[in-house]
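J.: Input: one structure, supplied below.
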Amino acid sequence: MLSLATRRAANTAKSLGSIPTRGLGGAATVTVRHMSVAEKDNILPTSWENIFERSSKIFFMTEIWRAFWLSGEVALKPKVTINYPYEKGYLSPRFRGEHALRRYPSGDERCIACKLCEAACPAQAITIDAEEREDGARRTTRYDIDMTKCIYCGFCQEACPVDAIVEGPNFEFATETHEELLYDKEKLLSNGDKWEKQIAKNLLSEHLYR
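Note that the UniProt record's numbering numbers the sequence shown so that position 35 is 35, with each residue one more than the last.
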């Protein structure tokens, strides 16, 4: 009676298309597998056409010249890059960059110290202190933004009822120290004065859905 190992070897040989034979001690052995013509062609070229094709690729380096040809085609096409920082690409009016506090054309601050931006900020990056003036209006005495906490979600701008706090078009405000990224009210107002023209234009382009 054949052992379990012998039966397994015989079944394996049968599934591979080989011929099982019986050796010494009754153990099954497996002969050389019969290969199909297609399998032989994948290993060795059987025609002069295949030999010539493979030899020409090696001798004439056709694959390398094809790569050079592709590079030349791309080089003649219009460029998709720009020479930054001397050239700058288009920015969407909805781009959210460096923060700014705006003023009215009269020069008065827009912010009414409602603190909605502070409440809406998910990163808790905004800190506001306010006081009531003699005319009854509320104005901020402190308006700080920790730019290292800000996630530029734009919630502060969306929450503001008077378009006082906005995220402007400037994205080049890298600093060398952490303290320089702790913006106070004066810094934010100066940003607003600097970018007011572009900010007003961007807000006007959104008037249909804001």
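Glycine is no exception: its CB is placed at the ideal position from the N, C-alpha and C atoms.
Where Pro-169 and Lys-197 are concerned, what is the direct C-alpha to C-alpha distance, given to the nearest angstrom?
T.: 11 Å
J.: Distance check for Tyr-143 and Cys-114, CA to CA, integer angstroms please.
T.: 12 Å
J.: Between the Cα of Leu-182 and the Cα atoms of Cys-111, Glu-49, Ala-67 and Ala-125, which residue gives the shortest distance?
T.: Measuring C-alpha to C-alpha distances from Leu-182 to each of Cys-111, Glu-49, Ala-67 and Ala-125 identifies Ala-125 as the nearest.
J.: Taking DSSP as the reference, what is the three-state secondary structure of Ile-165?
T.: strand
J.: With C-beta atoms as the reference, is Thr-148 less than 7 Å away from Cys-111?
T.: It is not a contact, given that the beta carbons lie outside the stated cut-off.
J.: What is the residue span of the alpha helix (DSSP H) that Glu-134 lies within?
T.: Element bounds for Glu-134: n/a, residue is neither H nor E.
J.: If we count the other Cβ atoms within 10 Å of its Cβ and call it buried at 16 or more, is His-99 buried or exposed?
T.: buried
J.: When DSSP builds the beta bridges, which residues end up paired with Ile-126?
T.: Ile-145
J.: Gly-23: buried (16+ other C-beta within 10 angstroms of its C-beta) or exposed?
T.: Note on Gly-23: pLDDT 49, under 50, position unreliable in the model; the coordinate value appears next. When all chains shown are included, Gly-23 counts as exposed.
J.: Determine the burial state of Lys-187: buried for a count of at least 16 other Cβ atoms within 10 Å of its Cβ, exposed for fewer.
T.: That one is buried.
J.: Short check: CB of Val-166 to CB of Ile-199, under 7 Å?
T.: yes
J.: Look at Ala-120 and Phe-155 and say whether their C-beta atoms are less than 7 Å apart.
T.: Contact annotation: Ala-120 and Phe-155 have beta-carbon atoms nearer than 7 Å.
J.: How many whole angstroms separate the CB atoms of Leu-134 and Thr-127, which I take to be in contact at a CB cut-off of 8 Å?
T.: One point to set straight first is that residue 134 is Glu, not Leu, in the sequence displayed. Actually they do not touch by this definition, with Cβ atoms about 25 Å apart.
J.: Within a Cβ cutoff of 8 Å, which residues of the same chain sit near Arg-94, ignoring the five residues on either side of it in sequence?
T.: Asn-202 and Glu-206
J.: Taking Leu-101 and Glu-109 to be in contact with their CB atoms under 8 Å, please state how far apart those CB atoms are, rounded to whole angstroms.
T.: 7 Å
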